[in-house]
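What follows is one structure encoded as structure tokens, with my remarks underneath.
Spelled out as structure tokens, the structure:
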């Protein structure tokens, strides 16, 4: 039985708890969060122990691994403390808030030899995984242009996500999903050019449009935004055009199940949730892979370096938007 | 009064589209065609049951002309029409260079003829409803625009891929429609362009990737993808989409989403495709032009619009050359 400690008790912790509950060989042993661990445990994993402090959780629980689900700027401290104790880690994306933080995590992982996986869950979303498989199989020839979209509306405060210093805003927190996915499909990024705009409470509505040039000559366009317009649903879309074909996916076109009733019933579409009509959703697949790697010692499919490289593209995009010039990921650090 | 129309050059396939639309208009009549290729012109005349003639013969018989030449030849035909006192609707882009486009505007103005540019997307009903909602303040203050105007990959053996005749590839051909929409919605000019481009889809002499990142004078951010990149087997010729993000809402338009899904087992070209059944945008364009000619007013999209849009295209090429954002120069 792989015993997992959750560090963080926010929205992602609930998603992880749901997914881990579906894995036969894994269990959530404990949850740490400064304020809400006990409430979270009562609601989602009554068998787990609640801690206010993650280092106490590390020291007092018998654990195999931890899932780091805390605000981005805390990843460095939470991950390095786990690595120091030899605990395997799955860490939410983005890897860290700064390149220094990412380097510290990479060094700790390498020195401790722990199993580490960056949770770039889009790679495990079935539509995205299938699109990558189609490209790799040569179905569309050589890719030339790829476009992605990831966006949602919200209402009121989103807590630490609103704080650029903690989350890095929409480019580091949301666009990083698609930067990682496109790196996985198309290879390394040569340069990015980003335009960005924001408004509302100190820019909590955050809109970014990034044009990418890949080292193989392909061109990308990553649209990522969150806006304080509550009626806008979560949307994601992907299009890859090659010289011999084309694949496209748009969540708005996918309606395998619709329900209408007396109460307000939405058709399930949000991948963060457990009601998609899939035997295994992306989070289930991601955690199953991680648990498998913890058990067997196999190399996880998304490495610490993948996390670092994808995050570097996002930081280059942030810098491009500030400077009004194209920026190479190399310019923001190795 | 019935407005007598002629077609000047049929190099662009839209000549056939426009001819069919004009034939169906009640207050217009398609009279004659001139062409730099006599065989092509004669065959066009035969299929639309009109006269083929020399440029002078044709201009002598019509009130207004539609120029469907290759981009580099637009100027010659527009000048001929202007000198003959004939109003002109010119296929887009107005010309490959802003300098020549500007000169055409001056020539038409001093000749006292109307010059319009064929931007039919402004007459898309989904676009018009979006514009009305936008003007009503439905999305608050505009912050960002995302457009696409994709096309299937381009065959090598057309004038579109001959830089001497086209002036360029996808950037020249497929940037101006969405740039025109952005200008029309906002009343703002594009002030800066950054370009990523290349030739990755067809073995052609011009670029087939057209990915632009722009800014409008009021700071609105704006990207556009006008690449010639959809496969031959795609279900439609391409698309025009526009997404407007504002402080209070979002408007999304897919101009050609009103389609039937058609599957044919035994046709010449079997397979599955989409058949558009929405309102004919070209009818709107030509109705506006014909009524402008009759009433002596400017058409919805003027030569000046054409010049400004060509300036954006020129800046886009300059950005591709310099690998950096380029300011768009207006006079």
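Residue numbers (our numbering), protein chains in the order written: chain A, 1 to 334; chain B, 1 to 331. For glycine and all other residues, C-beta sits at the position ideal for the given N, C-alpha and C. Just so we're clear, the structure is a prediction, and the values are computed from it rather than from any experiment.
#1: Who does residue 223 of chain B pair with in a DSSP beta bridge?
#2: Looking at C-alpha atoms only, which residue of A/253, A/261, A/171 and A/243 is the closest neighbour of residue 221 of chain A?
#3: Could you check if residue 133 of chain A is buried or exposed, using at least 16 other CB atoms within 10 Å of its CB as the buried criterion?
#4: With 16 as the cutoff for other CB atoms within 10 Å, does residue 255 of chain A come out buried or exposed?
#5: What residues in the region 107-126 of chain B bring their beta carbon closer than 9 angstroms to a beta carbon of chain D?
#6: Which residues, in chain order, does the region 120-136 of chain A contribute to contact with chain B at a C-beta distance below 8 angstroms?
#7: From what residue to what residue does the alpha helix (DSSP H) around residue 132 of chain A run?
#8: Can you tell me which residues form a DSSP beta bridge with residue 198 of chain A?
#9: In the region 73-88 of chain A, which residues sit with their C-beta less than 9 angstroms from some C-beta in chain B, listed in chain order?
#10: For a test of the three-state rule: what should DSSP assign to residue 58 of chain A, helix, strand or coil?
#11: At a Cβ threshold of 7 angstroms, is residue 250 of chain B touching chain A?
#12: When the Cα atoms are used, what is the spatial distance from residue 1 of chain A to residue 63 of chain A?
#13: Just to confirm, are residue 144 of chain B and residue 197 of chain A a CB contact at a threshold of 7 angstroms?
#14: Measuring straight from C-alpha to C-alpha, what distance separates residue 45 of chain A and residue 201 of chain A?
#15: Check whether the region 212-232 of chain B touches the region 161-181 of chain B, counting contact only when three or more Cβ pairs, one atom from each stretch, lie closer than 8 angstroms.
#16: Where does residue 230 of chain B land, buried or exposed, given buried means 16+ other C-beta within 10 angstroms?
#17: In chain A, which residues lie less than 7 angstroms from residue 144 of chain B when you measure between Cβ atoms?
#18: Applying the 10 Å Cβ sphere with the 16-neighbour rule, what's the burial state of residue 311 of chain A?
#19: Use the C-beta contact count for residue 50 of chain B: other C-beta atoms within 10 angstroms, 16 or more gives buried, fewer gives exposed.
#20: Taking buried to mean at least 16 other C-beta atoms within 10 Å of its own C-beta, is residue 34 of chain A buried or exposed?
#21: Counting only beta-carbon separations shorter than 7 angstroms, does residue 336 of chain B have a partner in chain A?
#22: Since residue 242 of chain B and residue 186 of chain B should fall inside the 8 angstroms C-beta cutoff, what is the C-beta to C-beta distance between them, to a whole number of angstroms?
#23: Going by the DSSP bridge assignment, what does residue 242 of chain B pair with across the sheet?
#24: Hey, quick one: how far does the alpha helix (DSSP H) through residue 282 of chain A stretch, first residue to last?
#25: Starting from residue 317 of chain B, follow the alpha helix (DSSP H) in both directions and report where the run begins and ends.
#26: Which whole-angstrom value is the C-beta distance of residue 114 of chain B and residue 298 of chain B, which I expect to be below 8 angstroms?
#27: Considering only the alpha carbon of each residue, which of B/311, B/133, B/316 and B/164 lies closest to residue 248 of chain B?
#28: Step through the CB atoms of chain B and report whether any lies within less than 7 angstroms of the CB of residue 241 of chain A.
Taking the definition as stated:
#1: The count along the second chain starts at 1 and reaches residue 223 of chain B at position 223. Its beta-bridge partners are B/146 and B/213.
#2: Stepping through the first chain from its first residue, residue 221 of chain A is reached at position 221. Per the Cα distances, A/171.
#3: Position 133 of the first chain holds residue 133 of chain A. The residue in question, residue 133 of chain A, is exposed, as its Cβ has fewer than 16 Cβ neighbours within 10 Å.
#4: One-based indexing of the first chain puts residue 255 of chain A at position 255. The residue in question, residue 255 of chain A, is exposed, as its Cβ has fewer than 16 Cβ neighbours within 10 Å.
#5: Any reference to chain D falls outside this structure, whose protein chains are A and B.
#6: Cβ contacts with chain B: none found.
#7: Here residue 132 of chain A refers to the residue found at position 132 when the first chain is read from its first residue. That run of the alpha helix (DSSP H) goes 126-136.
#8: Along the first chain, one-based indexing puts residue 198 of chain A at 198. Answer by DSSP bridge pairing, in chain order: A/206.
#9: none
#10: Stepping through the first chain from its first residue, residue 58 of chain A is reached at position 58. Three-state result, residue 58 of chain A: helix.
#11: By 1-based counting over the second chain, the position of residue 250 of chain B is 250. Residue contact with chain A for residue 250 of chain B: present (Cβ-Cβ distance below 7 angstroms to some residue of chain A).
#12: Locating residue 1 of chain A in the first chain gives position 1, counting from the first residue. Locating residue 63 of chain A in the first chain gives position 63, counting from the first residue. A direct Cα-Cα distance of roughly 10 angstroms separates residue 1 of chain A from residue 63 of chain A.
#13: Locating residue 144 of chain B in the second chain gives position 144, where the first residue counts as 1. Locating residue 197 of chain A in the first chain gives position 197, where the first residue counts as 1. In terms of Cβ geometry, residue 144 of chain B and residue 197 of chain A form a close pair [threshold 7 angstroms].
#14: Numbered from 1 along the first chain, position 45 holds the residue referred to as residue 45 of chain A. Numbered from 1 along the first chain, position 201 holds the residue referred to as residue 201 of chain A. Going from the Cα of residue 45 of chain A to the Cα of residue 201 of chain A covers about 35 angstroms.
#15: yes
#16: The sequence position of residue 230 of chain B within the second chain is 230, counting from 1. Label assigned to residue 230 of chain B: buried.
#17: Within the second chain, numbered from 1, the residue matching residue 144 of chain B stands at position 144. Neighbours of residue 144 of chain B on chain A, chain order: 197, 207 and 209.
#18: Taking the first residue of the first chain as position 1, residue 311 of chain A is located at position 311. By the neighbour-count criterion, in which 16 or more other beta carbons inside 10 Å mark a residue as buried, residue 311 of chain A falls on the buried side.
#19: Against the second chain, residue 50 of chain B aligns to sequence position 50. That one is buried.
#20: What you label residue 34 of chain A is simply residue 34 of the first chain in a count that begins at 1. Answer is exposed; the Cβ neighbour count stays below 16.
#21: Nothing in the structure corresponds to residue 336 of chain B, since chain B is present only between 1 and 331.
#22: Residue 242 of chain B sits at position 242 when you count from the first residue of the second chain. Residue 186 of chain B sits at position 186 when you count from the first residue of the second chain. With a Cβ gap of about 12 angstroms, residue 242 of chain B and residue 186 of chain B do not count as contacting.
#23: What you label residue 242 of chain B is simply residue 242 of the second chain in a count that begins at 1. BP columns for residue 242 of chain B point to B/147 and B/253.
#24: Taking the first residue of the first chain as 1, we reach residue 282 of chain A at position 282. 282-296 is the extent of the alpha helix (DSSP H) around residue 282 of chain A.
#25: Working through the second chain from its first residue, we reach residue 317 of chain B at position 317. Start and end: 303-322.
#26: Numbered from its first residue, the second chain carries residue 114 of chain B at position 114. Numbered from its first residue, the second chain carries residue 298 of chain B at position 298. The Cβ separation is near 6 angstroms, so the contact holds.
#27: As a working mapping, residue 248 of chain B is identified with position 248 in the second chain. When only C-alpha atoms are compared, the closest one is B/133.
#28: Working through the first chain from its first residue, we reach residue 241 of chain A at position 241. Yes, residue 241 of chain A lies at the interface with chain B (some Cβ there is under 7 angstroms from its Cβ).
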